[in-house]
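Report on the following structure.
Numbering (UniProt numbering), first residue to last: 1 to 265.
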């Protein structure tokens, strides 16, 4: 075999080895690219599984705490046996015309005696924090509520030319008829401060909603539309006692949802 022939064969062998090495390198690169593509998907899948089981654990933890029996909500305040703390007054459950609760004078209004200490302390502590809370209204009698409701209906009819039915439907969203107002229980108070704007936009309101449960009070109508059809009000606070108030906040429930929850359990 001539030298040229041997060199030609060696060249073919070298090219074959080189091509084989290049093929292996290309496979490595392709495998690396595939790994880099698949790895984030694997990480996302692992993360999704972790979130899923974490959520299930969270839900199971909540379920272990719930349902809670009514016995866990026994009021531990001084006047713990008063059933009025959780009484609901509305069109669906009106109170009798002859119902007249016991009241005492407090902060210039009449209020149920069980709520007086809490209201006094709340107003005093608000003042220490720099807020002069004004207690505008407390207990309202059946007769006074009937008079106020009638006057508001007549005023609305005069101003809007609405029918009696339309006027009553409008007024009762903010001022319930006699027998359907919780102000007749002596547990509901109307609070405000001097302001040129809305009470809900004031620092006093922020302080009040944050601390009211410490005195046994809750914001009674916190939603746009509450049970009984009463509209949201930033002014009306209801006394329910410290334990119930803190339980409602802990469970993130308003008054209506909380009483329904207790009734169901």
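Here a beta-carbon is modelled for each residue, glycine too, at the ideal position from N, C-alpha and C.
Taking the C-beta atoms as reference points, residue 118 is found nearer than 8 Å to residue 239. Using a Cβ-Cβ distance cut-off of 8 Å, the segment 118–128 and the segment 93–105 are not in contact, since fewer than three pairs of beta carbons, one from each stretch, lie closer than that value. Counting along the chain, residue 95 sits inside no alpha helix (DSSP H), nor does DSSP assign it H or E at all.
If you ignore the 5 residues before and after residue 85, its C-beta comes within less than 7 Å of the C-beta of 75, 240, 241, 244, all in its own chain and listed in chain order. Put simply, the backbone Cα of residue 140 is about 16 Å away from that of residue 116. In this structure, residue 171 sits away from residue 190, with a CB-CB distance that is not shorter than 8 Å.
In the DSSP annotation of this structure, the continuous segment of the beta strand (DSSP E) that includes residue 105 starts and ends at 104–106.
Secondary structure note for residue 156: its alpha helix (DSSP H) is the uninterrupted segment 142–160.
Rounded to the nearest angstrom, the gap between the Cα atoms of residue 94 and residue 132 is 34 Å.
Closest in alpha carbon position to residue 112, among 169, 216, 96, is 216. From the listed residues 136, 98, 89, the smallest Cα separation to residue 109 is found for 136. DSSP places residue 134 within a strand segment (E or B) once states are collapsed to three. Between the C-alpha atoms of residue 158 and residue 210 there is a straight-line separation of about 40 Å.
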